[in-house]
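These notes concern the structure reproduced below.
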Amino acid sequence: MTTTTPTRGRRRAPSRMERAAGKAAALQRPRVVLALLLLLALVCVMLLDGYLRAEVGGDQRVRTGASSSDVPDDVLDGGPIVTFRGGQATTVSVPDKTIALTFDDGPDPTWTPQVLAILEKYDVPATFFLVGSMVSRYPSVVRDMVDQGHEVGIHTFTHVDLSYQSEARVRREMEQTQLALAGAAGITTTLFRAPYSSQTDAIDNYSWPVYEKLGQDGYTSVFVDTDSDDWKRPGVSKIVQWATPKKNKGASVLFHDAGGERTQTIEALPRYIEKMRAKGYTFTTISGALEKQQGQQAPAGAAPGTGGSRLQAAHREATGAILYEGKALVAAVAVAEWAVPTLSVGLLVVGVAVMGRFGMMLLLARRHHRLRNRRRFSWGPEVTRPVTVIVPAYNEKECIANTLDSLSRSTHPIEIIVVDDGSTDGTSDIAREAARALGMTNVRVIRQENAGKPAALNNGVRSARHDIVVMMDGDTVFEPDTVRQLVQPFADPEVGAVAGNAKVGNRTTVIGAWQHIEYVMGFNLDRRMYDLLRCMPTIPGAIGAFRREAVLQVGGMSEDTLAEDTDITIAMHREGWRVVYQEHARAWTEAPGSLKQLWSQRYRWSYGTMQALWKHRKSLTDKGPSGRFGRVGMPLVVLFQIVTPVFAPLIDVFTAYSMIFIDFKAALLAWLAVLGVQLVCAAYAFRLDREKYRYLLMMPLQQLAYRQMMYLVLIHSCVTALTGGRLRWQKLKRTGEVGTPAGAG
Numbered sequence: 001m002t003t004t005t006p007t008r009g010r011r012r013a014p015s016r017m018e019r020a021a022g023k024a025a026a027l028q029r030p031r032v033v034l035a036l037l038l039l040l041a042l043v044c045v046m047l048l049d050g051y052l053r054a055e056v057g058g059d060q061r062v063r064t065g066a067s068s069s070d071v072p073d074d075v076l077d078g079g080p081i082v083t084f085r086g087g088q089a090t091t092v093s094v095p096d097k098t099i100a101l102t103f104d105d106g107p108d109p110t111w112t113p114q115v116l117a118i119l120e121k122y123d124v125p126a127t128f129f130l131v132g133s134m135v136s137r138y139p140s141v142v143r144d145m146v147d148q149g150h151e152v153g154i155h156t157f158t159h160v161d162l163s164y165q166s167e168a169r170v171r172r173e174m175e176q177t178q179l180a181l182a183g184a185a186g187i188t189t190t191l192f193r194a195p196y197s198s199q200t201d202a203i204d205n206y207s208w209p210v211y212e213k214l215g216q217d218g219y220t221s222v223f224v225d226t227d228s229d230d231w232k233r234p235g236v237s238k239i240v241q242w243a244t245p246k247k248n249k250g251a252s253v254l255f256h257d258a259g260g261e262r263t264q265t266i267e268a269l270p271r272y273i274e275k276m277r278a279k280g281y282t283f284t285t286i287s288g289a290l291e292k293q294q295g296q297q298a299p300a301g302a303a304p305g306t307g308g309s310r311l312q313a314a315h316r317e318a319t320g321a322i323l324y325e326g327k328a329l330v331a332a333v334a335v336a337e338w339a340v341p342t343l344s345v346g347l348l349v350v351g352v353a354v355m356g357r358f359g360m361m362l363l364l365a366r367r368h369h370r371l372r373n374r375r376r377f378s379w380g381p382e383v384t385r386p387v388t389v390i391v392p393a394y395n396e397k398e399c400i401a402n403t404l405d406s407l408s409r410s411t412h413p414i415e416i417i418v419v420d421d422g423s424t425d426g427t428s429d430i431a432r433e434a435a436r437a438l439g440m441t442n443v444r445v446i447r448q449e450n451a452g453k454p455a456a457l458n459n460g461v462r463s464a465r466h467d468i469v470v471m472m473d474g475d476t477v478f479e480p481d482t483v484r485q486l487v488q489p490f491a492d493p494e495v496g497a498v499a500g501n502a503k504v505g506n507r508t509t510v511i512g513a514w515q516h517i518e519y520v521m522g523f524n525l526d527r528r529m530y531d532l533l534r535c536m537p538t539i540p541g542a543i544g545a546f547r548r549e550a551v552l553q554v555g556g557m558s559e560d561t562l563a564e565d566t567d568i569t570i571a572m573h574r575e576g577w578r579v580v581y582q583e584h585a586r587a588w589t590e591a592p593g594s595l596k597q598l599w600s601q602r603y604r605w606s607y608g609t610m611q612a613l614w615k616h617r618k619s620l621t622d623k624g625p626s627g628r629f630g631r632v633g634m635p636l637v638v639l640f641q642i643v644t645p646v647f648a649p650l651i652d653v654f655t656a657y658s659m660i661f662i663d664f665k666a667a668l669l670a671w672l673a674v675l676g677v678q679l680v681c682a683a684y685a686f687r688l689d690r691e692k693y694r695y696l697l698m699m700p701l702q703q704l705a706y707r708q709m710m711y712l713v714l715i716h717s718c719v720t721a722l723t724g725g726r727l728r729w730q731k732l733k734r735t736g737e738v739g740t741p742a743g744a745g
């Protein structure tokens, strides 16, 4: 056993890696916060969209049959317009032979423009009672409405029966609708019509306090005299008949320009206008009816029966904070209106891609297993020559002895090079003592100043005496037959590198069990698929073997990326070497024991993979093996390791959204169906690896929690990539509990 040691002296200053890690940690925090803010923004957008569609906060209760003993008789028996001037409730009727044409439930992008076109053709003004959520979704329709000279009123924001709501909810419904009007058309209004209201004699003891409070706030409540009942779609002639007042009386007449299919309303409206004008009626707005009844002169340009004035008597110009808040609301709604459907389409595409991936993995994994496990299958003459095992180590005092102990049992002749990358915990001393205690004469310990994992591996490759090098992590243990199995594919001269089968050893914890599922299903099924497609993207750092000449040919392990294993694997493809997967070569590794460590590891993997793909982007246009990886492997990696992991957790978010606000049963069944497909794939992967099925009981919880974390990690990585951040080799805290392969089962 030979050793190389640095000169001893004063307590050393922080290493380059430690200084870089400190800076990186300081830079990570705002990126983590940004990742969380992106998730929060998405949730807010979804909640806003649900609120606009009355899926969040919607209330379908409608009160009927309540007593009206507390309502003044002159209100119950009065006209359809209730004002509260001077704090006293007063009702006003529409003058004889006058129609105050009103429309409820809009605006609607399909039906409201058709109504406006008819009203413009006949020069008829009308009053539209608008739902605030619809105003915020279709602001251009409201602008056209107001510019055409029509009057608008509030019909609440979410179309709820206000008699059931708290005072705060009532105030919120009104304020939000005013904000929507301000943002859409630059106005506010003093008119109000309650959803599900009809004539004044329907006011009860529960709704009357609402009208009183709104009256104190300056609102005029508007009811109806005559209801067309067009929402029932009884036929055009019935609509016209039911909308006609009796005995030439004036009336507040109700139609609907939204809330359902309105073809009959569109057909009935011109016929109704022509009929009423033939009977000598004039048309006006609610404000016009009030002015005419009270004998007041209407403002210039707003005479009853004509359109053309943008600012009706009930309108107020929005200024100051309410105007800017309204514009912000409309802008936020526009984002939600665009984002949620786009996400839905994206999720559909991702869902199809994920299902297609599962199907492809199952088919190719089955084919791979059958092909490699046939009795007559052989890579060629058995590889028996010695190989070099390189163990890069940084502060691995808990694990390095176990690693060497497992290598001492190897059934294949090996030399071992432990490259101590500036450890501060005595790793090299422990390695030398362990080798001495085990009687191992084939171990060399090389110490170097801290330079990172790629530099440690390159040092080992340069120092290797054999033409095949096996690379493993300092926290990994091999089975006795691992090295022999791992090097057999090198009998094929086209093979430049071999990926082994990495296993989670510390799987007794919840986090360990989750990662065990991920390793067996997510990594090893993938590797079987990539092997057959000849586009293996990554040889795991825990267990991989390389031709030494191939490593030197591609320039060794690069420090350009955080994922040096992915980087060199892609580089080998580009140089024409074949990379294969050897399922029978098993290594047991210690997975991160805490969420913080798991985040750190997966962040490095995700970001490093993005760096490696970007570095080798020219393979997309290359010819030969390089082009094959660029046009087959790279799209698969981007789709399944970056795009779908970003969107996959959103399936859970949308599922929760749908279960709470739309259809619980349908959403639950859809989620269970997807989970069932994943369970089938996982069970097959466990069968191929001869693993115990009991760990699959953790899979539903893994989908609910673990996947969300992986989403945040990937978003964090994307943010880092976009902001140009960089990290060095990060050391995870190890416990050394993966002592022997047998202890991992």
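Going by our numbering, the sequence shown opens with residue 1, and the numbers climb by one from there.
Note that the Cβ used here is the ideal one computed from N, Cα and C, for glycine as well.
Please read these numbers as outputs of a predicted model, since none were measured by experiment.
Under 7 Å between C-beta atoms of residue i and residue j
i    : j    : result
K97  : N248 : yes
A431 : V418 : yes
H584 : P625 : no
E325 : L130 : no
V477 : D689 : no
Q176 : G132 : yes
I99  : V92  : no
V387 : H516 : no
A435 : L404 : yes
Cα-Cα separation between residue i and residue j, rounded to whole angstroms
i    : j    : result
L364 : P341 : 34 Å
R694 : L679 : 12 Å
L42  : L343 : 10 Å
E55  : C44  : Model confidence at E55 stands at a pLDDT of 48, short of 50, so the residue's coordinates are unreliable; what they give is reported in the following sentence. Answer to the nearest angstrom: the Cα atoms are 14 Å apart.
I187 : E317 : 5 Å
I273 : G235 : 16 Å
D77  : A334 : 44 Å
Q611 : R193 : 59 Å
P270 : V224 : 20 Å
L457 : L486 : 18 Å
D425 : I400 : 12 Å
F128 : P72  : 28 Å
E590 : D475 : 6 Å
I322 : T189 : 13 Å
R409 : I416 : 12 Å
D747 : V94  : Since the first residue shown for the chain is 1 and the last is 745, residue 747 is missing from the structure and cannot be characterised.
For residue i, three-class secondary structure by DSSP
i    : result
I390 : strand
R233 : coil
A545 : strand
D144 : helix
G496 : strand
T83  : strand
I118 : helix
V419 : strand
A41  : helix
R375 : coil
I203 : coil
R447 : strand
Cβ neighbours of residue i in the same chain (closer than 7 Å, five flanking residues each side left out)
i    : result
S68  : L76, I203, D204, N205
L362 : C681, Y684
W605 : A563
V554 : I568, A571, M572, E575
V632 : L533, C535
V713 : W599, R602, Y603, S606
Residue i at chain D interface by Cβ criterion, 7 Å
i    : result
D429 : Considering every chain present, this structure includes no chain D. It has just one protein chain.
Beta-carbon contacts of residue i that lie in its chain and below 6 Å, excluding the five residues immediately before and after
i    : result
A339 : V45
Beta-carbon proximity list for residue i, same chain, < 8 Å, skipping 5 on both sides
i    : result
T200 : V75, L76, D77, G78, G79, P80, V82, T91, F223
Original post:
Can we say the region 245 to 259 touches the region 100 to 111, given the rule of at least three CB pairs closer than 8 Å?
Top reply: By the Cβ criterion, the region 245 to 259 is in contact with the region 100 to 111, since at least three pairs of Cβ atoms, one from each stretch, lie closer than 8 Å.
Original post:
At a cut of 8 Å, does the region 269 to 284 reach the region 128 to 147 through at least three beta carbon pairs?
Top reply: No: fewer than three Cβ pairs fall under 8 Å.
Original post:
Are the region 561 to 579 and the region 505 to 514 touching, with three or more C-beta to C-beta distances below 8 Å?
Top reply: At 8 Å Cβ cutoff, the stretches do not touch.
Original post:
At a cut of 8 Å, does the region 107 to 115 reach the region 257 to 267 through at least three beta carbon pairs?
Top reply: In short, these stretches touch, since the Cβ pair count reaches three.
**OP:** Inspect the CB distances between the region 112 to 127 and the region 148 to 155 and report whether three or more fall short of 8 Å.
**Re:** Enough Cβ pairs lie closer than 8 Å, so yes.
Original post:
Between the region 699 to 719 and the region 370 to 385, do at least 3 Cβ pairs fall closer than 8 Å?
Top reply: Between the region 699 to 719 and the region 370 to 385 there are fewer than three inter-stretch CB-CB distances shorter than 8 Å, so the stretches are not counted as touching.
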